[in-house]
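K.L.:
Could you have a look at this structure, given as structure tokens, before my questions?
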Ligand code: MN
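Residue numbers (this note's numbering): 806 to 1058.
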């Protein structure tokens, strides 16, 4: 059986009109995450951001994919919002934190993309830059690219010997970049295994993936999986493989 991979989503108010009626609110996630999981051999399932049912949903999945999206409420890492903070979605924040807490307790493999990597870091006790351009970046690298998401822009240097380097089968790669936030203080247990030329953390992994499969990338791997650089697909495959192992262990208990 293919492992069940829960893909997180957001709420979107649709302001378009059908006839004269507003469409209302929708659960939304990018199709690229779903096809990324499916092409890697997993069975994707979209998790709606309803915090009350987070644990019940988390119980049933074999892997968790934290997708990209809006800014996380800085209250989760003990900060007041700066004026440069972007839009936040409280329902989504509450849901992902609850779902992730359960996943971490149960050692469910977690793959975080963009915001997802940041959420993972915060859930484990780390902090974020709320806004790179005003807080850290010297402007030498555009982390919020203006070109389409499937185009790679800046370079990333991956730590040789890291699990992520083994998964990617690459040390130097070019990635897309669609973020104005980044990891500031790294959470205990996580290792920064890739950096942009300006020092921004671009990938993290748990110090021992055999103990706990936690991997996060700051770039949008899901959008690049059909690009010339096919290494991105390996991230989805590694996550699905870890979820398969988790499912076997769970059935054995
Ligand atoms: Mn970047």
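Positions of the beta carbon are idealized from the N, C-alpha and C atoms, including for glycine.
Taking the alpha helix (DSSP H) that residue 1056 falls in, what are its first and last residues?
P.N.:
1036-1057
K.L.:
Examine ligand 1 and report whether any of its heavy atoms sits within less than 8 Å of the Cβ of residue 1001.
P.N.:
yes
K.L.:
Thinking C-alpha only, which one of 953, 850, 974, 853 is nearest residue 963?
P.N.:
974
K.L.:
Who are the Cβ neighbours of residue 863 in its own chain at under 6 Å, not counting the five residues just before and after it?
P.N.:
904, 907, 908
K.L.:
Sorted by chain position, which residues of the same chain lie with C-beta nearer than 6 Å to residue 1065's C-beta, five sequence neighbours on each side aside?
P.N.:
As shown, the chain starts at 806 and ends at 1058. That puts residue 1065 outside it, with no answer to give.
K.L.:
With DSSP collapsed to three states, give me the class of residue 819.
P.N.:
strand
K.L.:
Figure out for me which residue from 1022, 985, 969 has the closest Cα to the Cα of residue 950.
P.N.:
985
K.L.:
Could you pull the DSSP bridge partners for residue 983 from this structure?
P.N.:
949
K.L.:
Since I believe residue 980 is in contact with residue 959 (beta carbons under 8 Å), could you give me their beta-carbon distance rounded to a whole number of angstroms?
P.N.:
7 Å
K.L.:
Can you pull the DSSP bridge partners for residue 999?
P.N.:
963, 1008
K.L.:
Tell me the start and end of each unbroken beta strand (DSSP E) in the region 839-883 that is at least 3 residues and wholly inside, in chain order.
P.N.:
848-852, 868-871
K.L.:
Does any heavy atom of ligand 1 sit closer than 8 Å to the C-beta of residue 1023?
P.N.:
yes
K.L.:
Do residue 868 and residue 938 have their C-beta atoms closer together than 9 Å?
P.N.:
no
K.L.:
Hey, how far is the Cα of residue 891 from the Cα of residue 876?
P.N.:
6 Å
K.L.:
Residue 946: beta carbon under 8 Å from a heavy atom of ligand 1?
P.N.:
yes
K.L.:
What do you get for residue 1010, buried or exposed, if any count of 16 or more other CB atoms within 10 angstroms of its CB means buried?
P.N.:
buried
K.L.:
Classify residue 972 as helix, strand or coil using the three-state DSSP reduction.
P.N.:
helix
K.L.:
If the criterion is Cβ atoms closer than 9 Å, does the pair residue 994 and residue 929 meet it?
P.N.:
yes
K.L.:
How long is the line joining the alpha carbons of residue 836 and residue 885, rounded to whole angstroms?
P.N.:
33 Å
K.L.:
Below 8 Å, is the gap between the Cβ of residue 1007 and the nearest heavy atom of ligand 1?
P.N.:
yes
K.L.:
Let me check you understand the geometry: is the CB of residue 963 closer than 8 Å to at least one non-hydrogen atom of ligand 1?
P.N.:
Flag unset: Cβ of residue 963 not near ligand 1.
K.L.:
By DSSP's criteria, residue 916 is part of a beta bridge. Which residues make up the other side?
P.N.:
870, 1020
K.L.:
Are there any heavy atoms of ligand 1 lying less than 8 Å away from the beta-carbon of residue 980, as far as the coordinates show?
P.N.:
yes
K.L.:
Please report the Cβ distance between residue 978 and residue 916, rounded to the nearest whole angstrom; I am assuming they are in contact, meaning their Cβ atoms lie under 8 Å.
P.N.:
The distance from the Cβ of residue 978 to that of residue 916 is about 17 Å, inconsistent with a contact at the 8 Å cut-off.
K.L.:
My output table needs one value for residue 977: the three-state DSSP class, helix, strand or coil.
P.N.:
strand
K.L.:
Among 1003, 924, 1016, 997, which has the Cα closest to the Cα of residue 813?
P.N.:
When each option's Cα is compared against that of residue 813, the closest is 924.
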